[in-house]
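**Student:** In this text, residue positions in the sequence shown follow the numbering used here: the first is 87, and each later residue adds one.
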Amino acid sequence: MGNILKEITNSATALAKGFSITFKTMLRPTVTENYPHQPPTFEDRYRGLHVLRRDENGLEKCVACFLCAAACPSNCIYIEAAENTAAHRISAAERYAKVYNIDYNRCIFCGYCVEACPCDAITHGHGFEISAYDTNALIYRKEQLLEPLPASAKK
Ligand code: SF4
Ligand code: SF4
Numbered sequence: 087m088g089n090i091l092k093e094i095t096n097s098a099t100a101l102a103k104g105f106s107i108t109f110k111t112m113l114r115p116t117v118t119e120n121y122p123h124q125p126p127t128f129e130d131r132y133r134g135l136h137v138l139r140r141d142e143n144g145l146e147k148c149v150a151c152f153l154c155a156a157a158c159p160s161n162c163i164y165i166e167a168a169e170n171t172a173a174h175r176i177s178a179a180e181r182y183a184k185v186y187n188i189d190y191n192r193c194i195f196c197g198y199c200v201e202a203c204p205c206d207a208i209t210h211g212h213g214f215e216i217s218a219y220d221t222n223a224l225i226y227r228k229e230q231l232l233e234p235l236p237a238s239a240k241k
C-alpha cells in the first residue's frame, strides 16, 4: 500500500513539473519567424551574402590586393586587377578589381575574407536567399556584390 501511495505521489509530482514548464513556455513571447510573409530578423553579425563597399566619394574600396582570395579556404574568390587612370578612376588606390567573383557553390561563410581585407572593402551582408537550380547562377559577379552609389556621389 505504501509503495502504491509513493508511486502515485511521484507520478503526480512529475506531471506537475512537466506541466509547469508547459505553462511557463505558453506565457513566453512567440519567437517563430513569419518568413516568407515577413522578413526575418538577423543578428548584426550574421554572415550572409558579401557586400563590396564604397568609400564616401562612391569609389570602390577594393584595391585588388588579393588578400581575401589568399585567405579563402574554399578557393571561391576570383579577382582580376586593373590599373586606375586619371580618366577612369574606380578606386582611390593604384589598382581596382575589374572582375570580382564569389562562387557561392563553394563558399562556407567563414568570414576569413572579411578579416583578411586591409581596406574593409568586403563585409558580410544579411542576404541569404540564394537558392538556384543552375549552379552558374551561384557565381556572383562584382556588379551583384557592389553596394549602390551613395546619394552624395550620384551627381
Ligand atoms: S566567407 Fe570564407 S569561404 Fe566564403 S569567400 Fe570568404 S573566405 Fe571564402
Ligand atoms: S576585397 Fe579587400 S582583401 Fe580582397 S582584393 Fe579587395 S582590398 Fe584586397
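We put the CB at the ideal spot given by N, CA and C, even for glycine.
#1: Mind checking who R181 pairs with in its DSSP beta bridge?
#2: Just how far apart, CA to CA, sit R140 and D130?
#3: How many Å lie between C196 and A102 at the Cα?
#4: V137 and L231 look like a contact to me (Cβ under 8 Å); what is the Cβ gap, rounded to whole Å?
#5: Would you kindly check if the distance between the Cβ of A173 and the Cβ of A150 is under 8 Å?
#6: Name the DSSP beta bridge partners of R140, please?
#7: Please classify T209: does DSSP put it in a helix, a strand, or coil?
#8: Run through DSSP, which three-state label would L101 get?
#9: What's the gap between the Cα of L135 and the Cα of H212?
#10: For ligand 2, list every residue whose C-beta falls under 6 Å from any of its heavy atoms, going in chain order.
#11: Taking 8 Å as the limit between beta carbons, can you name the residues of its chain near A157, skipping five residues before and five after?
#12: So the candidates are K147, N191, C205; which of them puts its Cα closest to the Cα of K184?
#13: For N191, which residues does DSSP report across the bridge?
#14: If distances are taken between C-alpha atoms only, which option among Y186, C205, Y121, S106 comes closest to A178?
**Tutor:** Concretely, from the data shown:
#1: E169
#2: Cα to Cα, R140 sits roughly 20 Å from D130.
#3: Straight-line Cα distance between these residues: approximately 45 Å.
#4: 6 Å
#5: In this structure, A173 does not lie closer than 8 Å to A150 by Cβ.
#6: Its beta-bridge partners are E146.
#7: strand
#8: Assignment of L101 by DSSP, reduced to helix, strand and coil, places it in the helix class.
#9: In a straight line, the C-alpha of L135 is about 6 Å away from that of H212.
#10: C148, V149, A150, C151, F152, L153, C154, I165, A183, A202, C203, C205, A207, I208
#11: Y198, C199, E201, A202
#12: The shortest Cα separation from K184 among K147, N191, C205 belongs to K147.
#13: According to DSSP, which records beta bridges pairwise, N191 is partnered with nothing at all.
#14: C205
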